[in-house]
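Counted from 1, the sequence shown has number 282 at position 282 by UniProt numbering; the numbering is strictly sequential.
Note that beta-carbon positions come from the ideal geometry of N, C-alpha and C, so glycine has one too.
Keep in mind the model is a prediction, meaning the values are calculated, not measured.
To start, the structure itself, in structure tokens.
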Amino acid sequence: MNLRNSILKKYTPFLLIIQALTLVFFYVGCSKKRKNNLEKLPTEGTKVTEVQLLMEQPDSITTPKGMVWIPGGTFQQGAVNGDTLAMAHEKPAHSVMLDGFFMDVHEVTNAQFARFVKETGYVTVAERKVDWEEMKKQLPANTPKPEDALLKPGSLVFKKNVTSISNLHDYSQWWNWTIGANWKHPNGPGSNIDGKEKHPVVHIAFEDALAYCKWAGRRLPTEAEWEYAARGKKPTSIYYWGNDVAQLNSNANTWEGNFPMTNTLQDGFALRAPVGSFKPNNFGLHDMSGNVWEWTSDWYHAKYYQTLYEKGEVLNPKGAKSAYNPFNPRTKERVIKGGSFLCSVTYCANYRISSRMASTEDSSLEHLGFRTVLSLDMLD
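And the structure:
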């Protein structure tokens, strides 16, 4: 989902470079602790060995506030049988084993992020001024300076009142680069988060999410952890509630109607919903489908699932070693999961649990947020 770059190309090629300068590369590893229930799985080679998988929450560890324990286990990551909307990069399904971990019950909220900003003075990617003198050092000689108006901080905001579109692949028809849009002004200048403290924070770039995690003593989930948790003990279901798409509007905040022109609001929300507005899955997690997309720590690689499938059963996969998107080969992207309030039956249907999308690290969008996890090795 390289929406930001796709739309900014319509404004100026310089903005692509501006956003690239914000990238930060960081990764926190998974827990290596093992206990309980012996299971078999391959090592980095092909030999099968026995390990101890961390299943249950240790009695000595108290559940952190706002989190739930996700017990370790084995599951099939990727598209399930019968999912006719599954894309090629969701296949083949492959066996994954995970140690247990704690996960936020909700997406990180405006109130939580505001506390982080107040205590640290952190400035998000969408709020930062562009230093032209510094930027031009990395550009070809004699590159002309773009207009000052194009160097101002901003982010991508969904356009309201779209009456018609000509091509569902042209994101610019419903996204608008908006100067002054950021987490405090999610719909641009004139908007604010007053009274929306329990809404998920948005316009969050990958670097912003990592900074929050560092402050909170947490980390982002791997893609495998996110999907396993989202399934909520329903390993063969397309959605966290089962396979009936007719139950969508009572279980998730998505777009109902003809996207992006008509939203019937059957779920009760036009944009973001307060976290916990819909019932949780069987692990007690809210909004794992819809509301806002969520960052994971994994690089996006279109062929990664095939690699895992060929390895056989794998333990605590941390994602591909590098990024690769054949449709955007020059850009390094991360995996985002869960879909958002803009996902529709008539368009992307990315509220399906196996759905995965690619997003550039500098992307900050009106429908992109995150939640955190905590593994036991981080408590040492």
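Can you give me the Cβ contacts of residue i inside the same chain, cut-off strictly under 7 Å, excluding the 5 residues immediately before and after it?
i: K196; result: N110
i: Y240; result: A230, R231, G232, K234, N281, M288, S289 and I353
i: M67; result: F102, M103, D104, V105 and L374
i: D208; result: T124 and V125
i: L98; result: G72, G73, A224, E225, Y228 and N316
i: T120; result: W215
i: A79; result: A86, E90, K91, A93 and S354
i: S340; result: G290, N291, V292, W293 and H367
i: T143; result: K136
Would you report the Cα separation of residue i and residue j, rounded to the nearest angstrom?
i: F370; j: V202; result: 8 Å
i: D104; j: K337; result: 15 Å
i: L342; j: R272; result: 9 Å
i: V162; j: P92; result: 37 Å
i: I165; j: Q173; result: 7 Å
i: K35; j: D59; result: Unreliable positioning characterises K35 in this predicted model, as indicated by a pLDDT of 34, which lies under 50. The coordinate reading is nonetheless provided below. Those two C-alpha atoms are separated by around 13 Å.
i: L220; j: H94; result: 22 Å
i: I270; j: A86; result: Ile is not the amino acid found at residue 270; the sequence shown has Ala there. Distance between the alpha carbons of A270 and A86: 26 Å.
i: A358; j: P329; result: 12 Å
i: N167; j: E127; result: 31 Å
i: K279; j: L285; result: 8 Å
i: F259; j: V335; result: 23 Å
i: K184; j: K318; result: 32 Å
i: S363; j: E56; result: 36 Å
i: D377; j: P64; result: 14 Å
i: H367; j: W293; result: 6 Å
i: A181; j: G312; result: 45 Å
i: N54; j: L210; result: Note on residue identity: the sequence assigns Leu, not Asn, to residue 54. Looking at the two C-alpha atoms, the distance is approximately 25 Å.
i: P140; j: V157; result: 31 Å
i: K137; j: S277; result: 48 Å
i: Y171; j: R218; result: 33 Å
i: Y304; j: D194; result: 42 Å
i: K118; j: E361; result: 24 Å
Are the beta-carbon atoms of residue i and residue j separated by less than 8 Å?
i: W175; j: K159; result: yes
i: A224; j: Q52; result: no
i: A302; j: N325; result: yes
i: A320; j: W295; result: no
i: Y216; j: T372; result: In the sequence under discussion, the amino acid at residue 216 is Ala, which differs from the Tyr named in the question. Against a cut-off of 8 Å, the Cβ pair of T372 and A216 comes out as a contact.
i: Y122; j: T254; result: no
i: L379; j: I70; result: no
i: K152; j: I179; result: yes
i: P200; j: E310; result: no
i: L365; j: S155; result: yes
i: V345; j: V245; result: yes
i: D267; j: N243; result: no
Using CA coordinates, which residue listed in the options is at the minimum distance from residue i?
i: N251; options: V275, T236, E294 and K137; result: V275
i: L315; options: I165, K184, N350 and T74; result: T74
i: T222; options: S297, D362 and A273; result: S297
i: H89; options: T360, L379 and R356; result: R356
i: A114; options: T143, K198 and E56; result: K198
i: K129; options: T143, D148 and P140; result: D148
i: H169; options: K65, L54 and F327; result: F327
i: E256; options: Y347, Y171 and G312; result: Y347
i: L150; options: P140, W132 and N243; result: W132
i: G100; options: T360, K118, F283 and T143; result: F283
Starting from the C-beta of residue i, find all residues in its chain whose C-beta is less than 6 Å away, skip the five residues before and the five after it, and write them out in chain order.
i: Q247; result: W241
i: Q306; result: none
i: Y212; result: F116
i: K332; result: A323
i: D83; result: I238
i: Q112; result: none
Ignore the nearest five residues each way along the sequence and tell me which others in residue i's own chain have a CB closer than 8 Å to its CB.
i: N81; result: T236
For residue i and chain C, any beta-carbon pair shorter than 8 Å?
i: F102; result: Here chain C cannot be found, since the structure has a single protein chain.
Are at least three pairs of beta-carbons, each pair with one atom in the stretch 182-195 and one in the stretch 255-265, less than 8 Å apart? no
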